[in-house]
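Following this note's numbering, the numbering of the sequence shown begins with 4 at its first residue and continues without gaps.
Take a look at the structure set out below.
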Amino acid sequence: MAIAGKHNHRQIQLLAANSAPLIVPSESAPSAVHEYLRSPDVQPLFAQGDALGVLRALPDAIFDCVMTSPPYWGKREYQNGGIGLESNYRDYIVHLAEICTEIQRVLKAQGSFWINIGDTYMSKGLIGIPWRLSLQLIDHQGWILRNSVIWNKVKSGMDNTNDRLGNVHENLFHFVKSQKGYYYDADAIRSKPRESRVVNGAIVSGTGVSGVRYKRQIELSTALTTSEKEDAMKTLLSVLDEMRAGDISDFRMIIRGQQRTTHSDSARVSGRAKELQSKGHYILRYHPNGSKPSDVWDIIPEDTQNRELHFAPYPEDLCRIPILATCPVGGLVLDPFCGTGTTMITAFKLGRKSFGIDISRHYLEQAVERFGELM
Ligand SMILES: C[S@@+](CC[C@H](N)C(=O)[O-])C[C@H]1O[C@@H](n2cnc3c(N)ncnc32)[C@H](O)[C@@H]1O
């Protein structure tokens, strides 16, 4: 395990060339990050210290993506104190917001910021901490919220209450700095579509759509005029050709009087409903590279039984989509509350560099040990 004291550039270079990840003290972080940016190594770099202090000493616009999970407010105890121990949740939000200002500065213009944050009850009432922070970032820092992902943990933890539902979800917010031009690789996160095949000379989609049923519905329709029927049949044949050519992976046809519109039947609010009214049909094409994930993710928390001191479950799967979609290969990921380094492990496995900060040396040592197990 390479754990650095105060080092000059050359020593940091030599330590980084070691195969184990490096932990540097906060005062060495700027020079260590400078060297790290120039090295081809995707082994992570860790800094021990207060996130705000470490970030303030770093240059502008160096990170491609930030993925993090700050401590809950008033719920859990971590080594070395830090954020989350404030007696008032408003102070907690102020402290987090201060760190987010620095995150905004060190993030590239095309970068993304993902934050997983849990809520807390006070006097029986859910405080709404994730949204309070999120609105603060939107209203006062100019962040653009692209997604509010629901992390469905599937199983709830111990819950002895009998006057409310069990809590199984947490929020994961995706923020960007500007409306346009942020990096997003949607193809990297699509689920592979089921392949279409040819059966008795006819093309059949992976979900079994061959067009036979649609053809019959068009022919037998009493809600379409003769010319609308001809037009619908022409569209159907050309969509089947698109599928045969691999331009689309699947499709659905909506025919007047047969299927409902997918959004609204009112032509006033839905363009599709308008199309259905004027032409008698429309087509929903599926992307040839598969479908995008939705904003509800079912991920069972990591098993913490083997992790002696760290109590925050933060599964690698929660980091995969953020890193794949919003950090280019070889790019640099930041986690200012990295704990035992799950963000770094995921980044490393996906071929991205990463810089993790934590106030607790003990957790950073655990993170380095986790890398040892990976090698
Ligand atoms: C929810 S945990 C992160 C867990 C992490 N995702 C993992 O995979 O282990 C939050 C972390 O923030 C750290 N922390 C708390 N206050 C901090 C501060 N001011 N600066 C840096 N780290 C801090 C804690 O030590 C703790 O490890």
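We put the CB at the ideal spot given by N, CA and C, even for glycine.
This structure is a prediction, so every number in the text was calculated from the model and none was measured.
Sequence-distant partners of L140 (beyond 5 residues in either direction) whose C-beta falls short of 6 angstroms from its own C-beta, in its chain, are C103 and W146. The C-beta distance from G131 to D142 rounds to 15 angstroms, too long to fall under 8 angstroms, and the pair is not in contact. Remark: the shortest separation between the CB of S363 and any heavy atom of ligand 1 falls under 7 angstroms.
Nearest Cα to E231 within the set Y285, S252, L48 and K195: Y285.
Taken atom to atom, the span from the alpha-carbon of P73 to that of W117 is near 11 angstroms. Rounded to whole angstroms, the separation of the alpha carbons of V212 and L227 is 22 angstroms. The beta carbon of L243 lies closer than 6 angstroms to those of I206 and G214 in the same chain, with the five residues before and after it left out.
Judged by beta-carbon spacing, V152 lies within the 8 angstroms limit of L175, meaning their Cβ atoms are closer than that value. The DSSP-derived three-state label of T164 is coil. Judged by DSSP secondary structure, E198 falls outside any alpha helix (DSSP H); it is assigned neither H nor E. Between G114 and F66, the beta carbon gap of about 6 angstroms places them in contact (Cβ cut-off 8 angstroms). In the three-state reduction of the DSSP assignment, V171 falls in the coil class.
For P339, the Cβ falls inside the 7 angstroms cut-off from some heavy atom of ligand 1. Taking a C-beta distance under 8 angstroms as the contact criterion, I362 and G85 qualify as a contact pair. A check of alpha carbon separations from H290 across D63, I251 and K195 identifies I251 as the nearest.
For the options Y366, I324 and R355, the alpha carbon positioned closest to that of T343 is the one of Y366.
Close CB contacts of Y124 within its chain, under the 6 angstroms cut and outside five residues either way in sequence, are absent. Contact between L136 and I120 holds: CB atoms are separated by about 6 angstroms, below the 8 angstroms threshold. When the Cα atoms are used, L240 and D298 turn out to be separated by approximately 34 angstroms. At least one heavy atom of ligand 1 lies less than 7 angstroms from the C-beta of Y317. As the crow flies, the alpha-carbon of Q107 is around 24 angstroms from that of Q46.
Listed as beta-bridge partners of R288 by DSSP are F254. From the listed residues V332, T329 and I302, the smallest Cα separation to D320 is found for I302. Distance between L40 and R255, taken at the CA atoms: about 48 angstroms.
The alpha helix (DSSP H) runs lying completely inside the stretch 80-135 and spanning 4 residues or more are 92-109, given in chain order.
Around the beta-carbon of D162, fewer than 16 other beta-carbon atoms lie within 10 Å, marking it exposed.
A distance below 7 angstroms between beta-carbons, with the five flanking residues on each side excluded, links T238 to the following residues of its chain, in chain order: H284 and I286. Judged by DSSP in its simplified three-state form, G145 adopts coil rather than helix or strand. Excluding residues up to 5 positions away in sequence, S159 lie with their Cβ nearer than 7 angstroms to the Cβ of N170 in the same chain.
K282 and R247 have their C-alpha atoms spaced approximately 25 angstroms apart. With a cut-off of 7 angstroms, the C-beta of G87 is classified as near ligand 1, since at least one heavy atom of the ligand falls inside that distance.
A64 places its beta carbon 8 angstroms or farther from that of A189. Remark: the C-beta of Y124 is outside contact range of ligand 1, defined as less than 7 angstroms to any heavy atom. Distances from the CA of P33 to each of Q51, P24, A23 and P43 were compared; the closest alpha carbon is that of Q51.
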